[in-house]
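K.L.:
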Amino acid sequence: METRYAYVARSLTEAIAAGRYPVGSVLPNEIELAAQFGVSRSTVRAAMQELQASGLVSRKKSAGTRVEASSPCLGGHGFIQTLGSVEAVQQFGIETVRDIQEVAEEVADDELAAWLGCRAGRRWLRISSVRLVPGDKTRLPICWTDIYIDAAYAGQVRARMKNHAGIFGTLLETITGRQIAEIRQDIRAIGVPPRIAAKLRAEAGSHALEIRRQYVLSPNSLAEISISVHPADRYGYSMRLTRQGSPAPNEGGGRSRARSARSK
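Numbered per my numbering, the sequence shown spans residues 3 to 266.
#1: Tell me whether R214 sits in a helix, a strand or coil according to DSSP, three-state version.
#2: Rounded to whole angstroms, what's the CA-CA distance from R215 to R160? Just pull it up for me.
#3: What are the residues that DSSP puts in a beta bridge with P233?
#4: Do D148 and S228 have their C-beta atoms within less than 9 Å of each other?
#5: Who are the Cβ neighbours of V135 in its own chain at under 8 Å, not counting the five residues just before and after it?
#6: Which same chain residues end up closer than 7 Å to V41 when comparing Cβ atoms and leaving out the 5 residues on each side of it in sequence?
#7: Go ahead and pull the three-state DSSP assignment for R133.
#8: Mind reading off the beta-carbon distance from I129 to V105? Whole number of angstroms is fine, and I expect it under 8 Å.
#9: Straight-line CA distance for E175 to E226?
#10: Going by other Cβ atoms of all chains shown within 10 Å of its Cβ, with 16 needed for buried, is D152 buried or exposed?
#11: For L219, write down the residues that DSSP places opposite it in a beta bridge.
#12: Does DSSP put V46 in a helix, a strand or coil?
#13: Which residues in the same chain have their Cβ closer than 8 Å to the Cβ of V218, if we skip the five residues on either side of it in sequence?
#14: Is the separation between the beta-carbon of I169 and that of I189 shorter than 9 Å?
#15: If you compare alpha carbons, which of L118, W146, S27 is closest to L202?
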């Protein structure tokens, strides 16, 4: 028998495909949808997670649930997230679950420094984790991520990280009282590293994308670096480019799917 949340998800998927909610539009809020379908808000929330996992919608507290595609992408095997701003990256941390695998202190040798994009000899706290879709243990992991936190904040981050659900950038903002002013992102093609293949439930050496993000605290302090590896069959990224001076569309700059793996 079809569950209530699956029924809501299917009905909304069909409504989006039929054009009742075109790409770029915003779905009714949870209260309105709960009344429309005669279900609880938690049921609506579960349905929204299904739509988001299939790439149909993106969710933001300040902007609601926005339609991103008229049909599911990548066969529904990945996690789609609009990443057009610092806030969108922060929201991704809220909407997924971090499963910490290892915590260690490291000093960047020449190889690690080149990989991170920092100077050799710099000290970091490394936090390695797997990102998961909440509430569904049957789904493949979203990604493996190694987070490098400046050693100056290591003690405070260690003390708070177990109770912090969002990305570590927001925790650094709380600790320092300063904002993340910039996130620098680089993407390259790699093979899934053998050391994390089992955790990702992916074949070692299979195609993947590695994403490096450098988090800069205002005014200009590199405080965190994250490196994630995404198996190719679970990740997609698209961008919209416009000419300078043209009116900017009211939407984020990129969409991504997540589930990742990472290497050293």
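Glycine is no exception: its CB is placed at the ideal position from the N, C-alpha and C atoms.
None of the values given here were measured: they were computed from a predicted structure.
P.N.:
With the given structure in hand:
#1: Residue 214 sits at position 212 when you count from the first residue of the sequence shown. Strand at R214.
#2: Walking along the sequence shown from the start, residue 215 turns up at place 213. Walking along the sequence shown from the start, residue 160 turns up at place 158. Taking the straight line joining both Cα atoms gives about 21 Å.
#3: The residue labelled residue 233 in the question sits at position 231 within the sequence shown. Paired residues: A210.
#4: On the sequence shown, residue 148 is found 146 positions in, with the first residue counted as 1. On the sequence shown, residue 228 is found 226 positions in, with the first residue counted as 1. Contact flag set, yes.
#5: Here residue 135 is taken as the residue at index 133 of the sequence shown, counted from 1. Here the set comprises Q51, A55, F81, T98, V99, R141, I144.
#6: Residue mapping note: residue 41 aligns to position 39 of the sequence shown, counting from 1. Once the five neighbours on either side are set aside, the close Cβ partners of V41 are R6, V10.
#7: Locating residue 133 in the sequence shown gives position 131, where the first residue counts as 1. Strand.
#8: The sequence position of residue 129 within the sequence shown is 127, counting from 1. The sequence position of residue 105 within the sequence shown is 103, counting from 1. That pair is a contact at about 5 Å.
#9: Translated into the one-based positions of the sequence shown, residue 175 becomes position 173. Translated into the one-based positions of the sequence shown, residue 226 becomes position 224. Taking the straight line joining both Cα atoms gives about 11 Å.
#10: In the sequence shown, residue 152 corresponds to position 150, counting from 1. By the 10 Å Cβ count, D152 comes out buried.
#11: On the sequence shown, residue 219 is found 217 positions in, with the first residue counted as 1. For L219, which the question treats as bridged, DSSP gives the partners I182, S223.
#12: Mapped onto the sequence shown, residue 46 falls at position 44. V46 falls in the helix class under three-state DSSP.
#13: Looking up residue 218 in the sequence shown gives position 216. Answer for V218: I182, A183, E184, I185, R186, L224, A225, listed in chain order.
#14: Here residue 169 corresponds to residue number 167 of the sequence shown, with the count starting at 1. Here residue 189 corresponds to residue number 187 of the sequence shown, with the count starting at 1. Cβ atoms of I169 and I189: not closer than 9 Å.
#15: The sequence position of residue 202 within the sequence shown is 200, counting from 1. When each option's Cα is compared against that of L202, the closest is W146.
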